[in-house]
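Enquirer: These protein sequences, in sequence, are chains D and V. Using numbering that gives the first Met the number 0, the letters of the first sequence map in sequence onto residues 0 to 313. Using numbering that gives the first Met the number 0, the letters of the second sequence map in sequence onto residues 0 to 537. The beta carbon of each residue, even a glycine, is placed where N, CA and C say it ideally should be. Note that this is a predicted model, so its numbers are computed, not measured.
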Amino acid sequence: MKKFWLFSVVGRALVVIFCVITAVFFLIRMVPGDPAKMILGEYSTPEALESMHHALGLDLSVGEQYVRFVQTLFTQGDTGNSIINGTSTRELIADRAPITLLLIGMACALAIVIALVLATLAATHKDKLLDHVIRIFPTVTLGMPIFWVGILLILLLSVRLHWFPVGGVGEGWWGTLYSLTLPAITVALSQIPTLVRSLRAQMLEVLESDFVITLKAARLPSRVILFKHVLRNAALPTLILLGVNISYLIGGTLVVEQVFGIKGIGSLLFSSISKRDFPVIQGIALYCAVSVVIISLLIEILTRWLDPRTKGNP
Amino acid sequence: MSQFKLSARKSLWVGALAVLLLVIVSGCSGSKNDPAPNTAAQPGSSQGTDDKSTDETVAGGTFVYGRPASVTSFDLHNQITSNNAFAIDKVFESLVAFDSKGEIVDWLAKSHNISDDGLTYTFVLRDGLKFSNGSDVTAEDAVFSLERHLKVGGPLAISAKVDTVKATDSQTLVITLKEPYTPFISELSNFSNGIIPNNFGGVTEEEFFKKPVGTGPFVVEQWDPAGDVTFTKNTHYWQEGKPSVDKLVYKLIEDDSQAINQLKAGEVNAIESLALQNANEIKNGADTTVVTNGSWVTEQVFFNTLDKHFSDVHVRRALALALDRDGLTKALTFGYAQTANSLLPTTIPYNANDTIKALNFDVTAAKAELAKSAFPDGFTTKLLVASGNSTRAQEAQIIQAAGKQIGINIEIESIELATFRERFFAYDFAVMLNSGQADSPEANSIIAFQTDPDGFSKSYWTHYTNDEVTKLLYQGQKTADGDGRAEIYSKLLQTLADEVPYLPLYYPDILIGARSSVDGLVVLPNGSVRFEDVHIQK
Chain D
0 MKKFWLFSVV GRALVVIFCV ITAVFFLIRM VPGDPAKMIL GEYSTPEALE SMHHALGLDL
60 SVGEQYVRFV QTLFTQGDTG NSIINGTSTR ELIADRAPIT LLLIGMACAL AIVIALVLAT
120 LAATHKDKLL DHVIRIFPTV TLGMPIFWVG ILLILLLSVR LHWFPVGGVG EGWWGTLYSL
180 TLPAITVALS QIPTLVRSLR AQMLEVLESD FVITLKAARL PSRVILFKHV LRNAALPTLI
240 LLGVNISYLI GGTLVVEQVF GIKGIGSLLF SSISKRDFPV IQGIALYCAV SVVIISLLIE
300 ILTRWLDPRT KGNP
Chain V
0 MSQFKLSARK SLWVGALAVL LLVIVSGCSG SKNDPAPNTA AQPGSSQGTD DKSTDETVAG
60 GTFVYGRPAS VTSFDLHNQI TSNNAFAIDK VFESLVAFDS KGEIVDWLAK SHNISDDGLT
120 YTFVLRDGLK FSNGSDVTAE DAVFSLERHL KVGGPLAISA KVDTVKATDS QTLVITLKEP
180 YTPFISELSN FSNGIIPNNF GGVTEEEFFK KPVGTGPFVV EQWDPAGDVT FTKNTHYWQE
240 GKPSVDKLVY KLIEDDSQAI NQLKAGEVNA IESLALQNAN EIKNGADTTV VTNGSWVTEQ
300 VFFNTLDKHF SDVHVRRALA LALDRDGLTK ALTFGYAQTA NSLLPTTIPY NANDTIKALN
360 FDVTAAKAEL AKSAFPDGFT TKLLVASGNS TRAQEAQIIQ AAGKQIGINI EIESIELATF
420 RERFFAYDFA VMLNSGQADS PEANSIIAFQ TDPDGFSKSY WTHYTNDEVT KLLYQGQKTA
480 DGDGRAEIYS KLLQTLADEV PYLPLYYPDI LIGARSSVDG LVVLPNGSVR FEDVHIQK
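(1) With a 10 Å radius around its C-beta and 16 neighbouring C-beta atoms as the bar for buried, classify residue 473 of chain V as buried or exposed.
(2) Along the region 18-49 of chain D, what residues have a CB closer than 8 Å to any CB found in chain V?
(3) Going by C-alpha to C-alpha distance, which of V:376, V:500 and V:206 sits closest to residue 341 of chain V?
(4) Are residue 89 of chain V and residue 217 of chain V close, meaning C-beta to C-beta below 8 Å?
(5) Could you have a look at residue 45 of chain D and say whether DSSP puts it in helix, strand or coil?
(6) Would you mind telling me which residues of chain V sit closer than 9 Å to residue 255 of chain D, beta carbon to beta carbon, in chain order?
(7) Using only alpha-carbon positions, find the residue among V:427, V:470 and V:476 that is nearest to residue 462 of chain V.
(8) One question on the structure: do residue 274 of chain V and residue 321 of chain V come within less than 8 Å of each other, judged by their Cβ atoms?
(9) Determine, using beta carbons only, whether residue 311 of chain D comes closer than 8 Å to chain V.
(10) Please check the pair residue 362 of chain V and residue 399 of chain V, which I expect to be a contact at CB under 8 Å, by giving their CB distance rounded to whole angstroms.
(11) Assign residue 196 of chain V to buried or exposed, taking buried as 16 or more other Cβ atoms, counted over all protein chains shown, within 10 Å of its Cβ.
(12) Looking at the unbroken beta strand (DSSP E) that takes in residue 111 of chain V, where does it start and where does it end?
(13) Beta-carbon within less than 7 Å of residue 24 of chain V's beta-carbon, same chain only, minus the 5 sequence neighbours each way: which residues are those?
(14) What residues from chain D crowd round residue 422 of chain V, counting only those whose CB sits closer than 8 Å?
(15) DSSP beta-bridge partners for residue 534 of chain V?
(16) Output the distance between the C-alpha atoms of residue 200 of chain D and residue 242 of chain D, rounded to the nearest integer angstrom.
(17) Taking one C-beta from the region 230-246 of chain V and one from the region 484-504 of chain V each time, how about it: are there three or more such pairs within less than 8 Å?
(18) Does the distance from the CB of residue 36 of chain D to the CB of residue 48 of chain D come in under 8 Å?
(19) Return the first residue and the last residue of the beta strand (DSSP E) that residue 540 of chain V is part of.
(20) Compare the C-alpha of residue 456 of chain V against each of V:445, V:466 and V:465 and name the closest.
(21) Starting from residue 254 of chain V, find everything on chain D with Cβ-Cβ shorter than 7 Å and list it in chain order.
(22) How far does the alpha helix (DSSP H) with residue 269 of chain D in it extend, from its first residue to its last?
(23) Ends of the beta strand (DSSP E) at residue 59 of chain D?
(24) Is there at least one Cβ from chain D nearer than 8 Å to residue 435 of chain V's Cβ?
(25) Could you work out which residues of chain D lie near residue 526 of chain V, taking near to mean beta carbons separated by less than 7 Å?
(26) Name the chain V residues that come within less than 9 Å of residue 275 of chain D, Cβ to Cβ?
(27) Suppose contacts are defined by Cβ-Cβ distances below 8 Å. Is residue 316 of chain V in contact with residue 368 of chain V by that definition?
(28) Could you please give me the residues that DSSP links to residue 103 of chain V through a beta bridge?
(29) Would the region 262-276 of chain D count as touching the region 209-228 of chain D if we require 3 or more Cβ pairs under 8 Å?
(30) Quick one: any contact between the region 166-182 of chain V and the region 116-125 of chain V, if contact means 3 or more CB pairs under 8 Å?
(31) Beta-carbon within less than 6 Å of residue 477 of chain V's beta-carbon, same chain only, minus the 5 sequence neighbours each way: which residues are those?
(32) Just checking: is the beta-carbon of residue 84 of chain D within a distance shorter than 8 Å of some beta-carbon in chain V?
(33) Excluding the five sequence neighbours on either side, which residues of its own chain have a C-beta within less than 8 Å of the C-beta of residue 180 of chain D, listed in chain order?
(34) Going by alpha carbons, who is nearest to residue 390 of chain V out of V:371, V:348 and V:299?
(35) Since residue 411 of chain V sits in a beta bridge, which residues does DSSP pair it with?
(36) Give me the Cβ distance between residue 259 of chain V and residue 512 of chain V, rounded to the nearest whole Å; I'm assuming they're in contact under 8 Å.
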């Protein structure tokens with residue numbers, strides 16, 4: 000029974016991934032724009048275009064291209080070579096992925112730390128001024144577009160105060176972390192509101208639960224109760240929420256990369272779309288879908304493992 | 000109300016701990032006042048031997064140039080787009096070149112001679128000319144290069160009917176044509192006619208263009224086709240003491256506002272293609288400036304002459320008369336453009352901009368003109384514009400308002416660039432906003448592209464066909480430079496101004512945003528920049 004559940008979940012994940020990249024395959028081909036023209040330029044001759052179409056396999060019907068795409072996916076394990084520069088999609092993505100992953104990691108870490116502080120302060124000062132101020136903060140930040148926040152931070156902290164580089168990635172690990180700070184804050188700001196809300200609610204619930212009252216009766220120091228018992232119990236649902244939000248987080252990171260001129264997956268995606276570099280767009284869609292599905296899967300497994308009540312209804 | 004409370008002191012402690020964690024995670028502790036660590040992007044980060052010099056300007060160092068698109072190929076015969084062209088022209092050079100005024104000058108050739116019948120072109124190469132790998136440049140290399148270009152054709156093909164390309168000795172090259180073609184010498188100044196080593200210097204074509212060897216001032220050191228290019232100085236460059244900088248970095252910055260911010264913060268030394276609306280902000284900036292030059296570009300409204308409304312010459316003339324081009328230019332270009340009267344920018348000879356009688360703003364005349372058309376009561380049409388260009392978006396609105404005055408209801412259709420291109424290539428538009436640009440300082444360059452209905456661009460996809468104009472086009476190509484040629488183009492341009500298959504709006508300047516500490520940028524009228532003389536002040 001348990002094994003069957005895992006199979007069905009993994010199978011479902013595979014179907015989702017395949018649907019996503021198939022949808023991307025057809026959608027991007029429905030959008031006008033010719034990769035051959037992107038390579039040769041506006042003034043290319045029809046002969047040059049024709050031979051380029053043939054070289055790129057774009058003279059085939061969409062159906063034939065799809066069959067070829069599926070074949071490549073199964074034989075090569077990726078979506079083929081980039082139309083624009085011939086490099087394999089996997090290589091291109093592998094080249095760009097570390098910086099994007101680092102950015103996502105930093106943003107997550109920042110979001111968790113800030114959310115933890117704000118939620119703890121809010122929960123421990125329930126209905127006080129501090130609580131109200133902290134509860135207004137999410138409403139304000141949720142209303143601001145993420146790229147706009149990025150631009151504001153650049154104008155203030157980089158252009159005016161020169162505290163951070165305006166864009167790009169610095170040299171060495173220290174330079175890299177330093178130059179990613181502002182983008183990470185920008186991405187984190189988009190995640191903090193929901194995390195604070197969830198964490199505050201969870202903490203209040205735990206704080207008012209019977210076992211905390213018992214612990215307090217046992218005269219345990221409030222610091223110990225808060226960090227050892229309350230946070231531990233309240234943190235898990237919030238971490239799960241962060242996992243559920245992973246697609247927003249990835250999406251937000253890709254946009255923020257563009258604003259900060261970071262050459263990660265996001266900027267690769269944007270330039271590939273403008274050049275109609277089909278295999279690369281599909282490749283990025285594939286890897287993003289896989290990451291989102293895997294994380295969702297892990298969360299599902301984790302939730303089930305931690306909370307036996309969900310076992311009955313997979 | 001919660002019965003559980005942290006004391007103020009404890010919450011402060013929690014907050015401090017969290018801030019400390021944040022600082023560790025973000026890695027910005029104690030470095031707030033340090034300069035940005037990406038030293039490659041610091042202007043004036045001199046690396047040359049003259050570092051100790053106390054002069055205001057120093058040789059050496061790295062020049063970082065922000066560009067909106069990456070370099071995807073160095074194959075000079077297969078490329079035309081500026082992202083590649085302006086990198087190719089740093090590596091390869093032609094026999095003749097054009098200067099910042101658009102005049103043809105001898106370049107790799109120390110002299111050139113055109114026979115009186117216009118059929119024989121003789122070039123003598125400079126003495127001691129070397130490729131960046133140290134090998135000598137001979138006339139055989141030039142023969143190989145031009146023959147390859149003739150074979151490949153490519154988007155910037157040689158239009159002259161070339162009979163033979165021969166090396167008569169190691170320094171002399173003779174090209175004979177089957178029939179006279181006056182624009183030939185200026186076409187040879189294109190980057191696409193750069194000289195490459197005979198037989199690609201013994202490597203395969205593919206390998207060669209991955210690590211190209213040319214005579215240009217710079218050599219490709221590192222190249223990411225989806226990112227930056229780093230060039231180093233060509234130590235064998237024929238212009239002694241040049242280039243002044245040791246390295247030139249083409250830094251990919253796709254976002255406009257990111258590029259401007261990096262310029263303001265000093266992370267790049269200059270940026271390409273500064274938008275008109277940002278020009279004054281950069282010009283008046285404390286540490287920034289604008290370097291400009293006239294361009295070979297004409298901003299235009301294009302009419303699809305296959306469209307049911309715009310096939311009518313009176314409709315086209317009516318819209319031209321209804322539009323205040325002077326006002327539009329003043330309002331939108333911040334003084335960085337000149338109102339256009341003819342198809343040719345004033346930077347190109349034979350433009351006849353002063354003598355052409357263009358259809359100037361006159362609403363009464365516009366109404367009278369529309370009354371003569373098949374649609375005297377007006378009609379509804381669509382104006383196609385590529386999105387993402389705010390100047391064009393504003394132009395579209397002004398044109399829309401102009402149409403409204405005479406009863407032409409213009410709906411603006413703003414679509415993404417790649418789709419926009421597809422649409423106009425397929426004649427799927429009624430009116431569109433776009434620009435035309437010459438590739439060389441030659442009247443024929445734009446005229447052939449925009450008036451030849453049988454050419455591959457089909458009169459710039461307007462399908463404008465006028466036998467008299469086509470005849471003049473061919474005459475212009477065969478007539479030697481002089482008054483006769485001027486007369487031909489003046490006649491041709493006047494016909495275009497009367498029939499308005501496209502309406503020239505203005506000639507925009509080329510704008511390069513630069514740090515004030517930068518000296519010696521030479522902006523060419525095609526939008527490329529020469530970096531040979533660039534110095535960065537300390």
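Expert: For this structure:
(1) The residue given as residue 473 of chain V occupies position 474 in the second sequence. Exposed is the call here.
(2) Hits within the stretch, in order: 30, 31, 32, 33, 36, 37, 38, 39, 40, 41, 42, 43, 44, 45, 46 and 47.
(3) Against the second sequence, residue 341 of chain V aligns to sequence position 342. Closest by C-alpha distance to residue 341 of chain V, out of V:376, V:500 and V:206, is V:500.
(4) Along the second sequence, read from residue 1 onward, the residue named residue 89 of chain V stands at position 90. Along the second sequence, read from residue 1 onward, the residue named residue 217 of chain V stands at position 218. The Cβ-Cβ distance between residue 89 of chain V and residue 217 of chain V falls below 8 Å.
(5) As a position in the first sequence, residue 45 of chain D is number 46, starting the count at 1. Here residue 45 of chain D sits in helix by DSSP.
(6) As a position in the first sequence, residue 255 of chain D is number 256, starting the count at 1. By Cβ distance, chain V contributes nothing, its closest Cβ being about 11 Å from residue 255 of chain D, past 9 Å.
(7) As a working note, residue 462 of chain V is residue 463 in the second sequence. Answer by Cα proximity: V:427.
(8) Here residue 274 of chain V refers to the residue found at position 275 when the second sequence is read from its first residue. Here residue 321 of chain V refers to the residue found at position 322 when the second sequence is read from its first residue. No, the pair does not count as a contact, with Cβ atoms beyond the cut-off.
(9) As a working note, residue 311 of chain D is residue 312 in the first sequence. Residue placement at residue 311 of chain D is flagged as unreliable, the pLDDT there being 49, under the threshold of 50; the coordinate-derived value follows with that caveat. Not one chain V Cβ lies under 8 Å of residue 311 of chain D.
(10) Position 363 of the second sequence, counted from the start, is the residue given in the question as residue 362 of chain V. Position 400 of the second sequence, counted from the start, is the residue given in the question as residue 399 of chain V. Their Cβ separation, rounded to whole angstroms, is 15 Å, which puts residue 362 of chain V and residue 399 of chain V out of contact at 8 Å.
(11) The residue labelled residue 196 of chain V in the question sits at position 197 within the second sequence. Label assigned to residue 196 of chain V: buried.
(12) Locating residue 111 of chain V in the second sequence gives position 112, counting from the first residue. Boundaries of the beta strand (DSSP E) around residue 111 of chain V: 108-113.
(13) Locating residue 24 of chain V in the second sequence gives position 25, where the first residue counts as 1. Any reading at residue 24 of chain V must be qualified, since the residue scores a pLDDT of 36, below 50, and its modelled position is unreliable; the value itself is stated next. Within the same chain, residue 24 of chain V has no close Cβ partners at all.
(14) On the second sequence, residue 422 of chain V is found 423 positions in, with the first residue counted as 1. 31, listed in chain order.
(15) Here the question's residue 534 of chain V lines up with position 535 in the second sequence. Among the bridge pairs identified by DSSP, residue 534 of chain V is matched with V:518.
(16) Your numbering for residue 200 of chain D matches position 201 in the first sequence. Your numbering for residue 242 of chain D matches position 243 in the first sequence. Whole-angstrom Cα-Cα distance: 18 Å.
(17) Counting C-beta pairs with one atom in each stretch, the region 230-246 of chain V and the region 484-504 of chain V have fewer than three that are closer than 8 Å, which means they do not touch.
(18) The residue you call residue 36 of chain D lines up with position 37 of the first sequence. The residue you call residue 48 of chain D lines up with position 49 of the first sequence. Their beta carbons are under 8 Å apart, which means residue 36 of chain D touches residue 48 of chain D by this criterion.
(19) The question about residue 540 of chain V has no answer, for chain V in this structure spans 0 to 537.
(20) To locate residue 456 of chain V, count along the second sequence from 1; it is residue 457. Minimum Cα distance to residue 456 of chain V is reached at V:445.
(21) By 1-based counting over the second sequence, the position of residue 254 of chain V is 255. By Cβ distance, chain D contributes 257, 258 and 260.
(22) The residue you call residue 269 of chain D lines up with position 270 of the first sequence. Per DSSP, residue 269 of chain D belongs to the alpha helix (DSSP H) from 264-273.
(23) Residue numbering aside, residue 59 of chain D sits at position 60 when the first sequence is read from its first letter. Note, residue 59 of chain D: premise wrong, no beta strand (DSSP E); not H, not E.
(24) Numbered from 1 along the second sequence, position 436 holds the residue referred to as residue 435 of chain V. No, its Cβ sits nowhere closer than 8 Å to a Cβ of chain D.
(25) On the second sequence, residue 526 of chain V is found 527 positions in, with the first residue counted as 1. What residue 526 of chain V touches in chain D: nothing, since even the nearest Cβ is about 14 Å away.
(26) Against the first sequence, residue 275 of chain D aligns to sequence position 276. Those are 417, listed as they occur along chain V.
(27) Indexing the second sequence from 1 puts residue 316 of chain V at position 317. Indexing the second sequence from 1 puts residue 368 of chain V at position 369. Yes, the pair counts as a contact, with Cβ atoms nearer than the cut-off.
(28) Here the question's residue 103 of chain V lines up with position 104 in the second sequence. In DSSP, residue 103 of chain V forms a bridge with V:97.
(29) No: fewer than three Cβ pairs fall under 8 Å.
(30) Judged by Cβ distances under 8 Å, the region 166-182 of chain V makes contact with the region 116-125 of chain V, as three or more pairs qualify.
(31) One-based indexing of the second sequence puts residue 477 of chain V at position 478. Taken in chain order, the residues that qualify are 179.
(32) On the first sequence, position 85 is the one that residue 84 of chain D refers to. Contacts with chain V at 8 Å (Cβ-Cβ) include residue 84 of chain D.
(33) Within the first sequence, numbered from 1, the residue matching residue 180 of chain D stands at position 181. Around residue 180 of chain D: 105 and 163.
(34) To locate residue 390 of chain V, count along the second sequence from 1; it is residue 391. Of V:371, V:348 and V:299, the residue nearest in Cα terms is V:299.
(35) As a first step, residue 411 of chain V is located in the second sequence; it is residue number 412 there, counting from the start. Within the DSSP secondary-structure output, residue 411 of chain V pairs in a beta bridge with V:382.
(36) Stepping through the second sequence from its first residue, residue 259 of chain V is reached at position 260. Stepping through the second sequence from its first residue, residue 512 of chain V is reached at position 513. Under the criterion of beta carbons closer than 8 Å, residue 259 of chain V and residue 512 of chain V qualify as touching, at roughly 7 Å.
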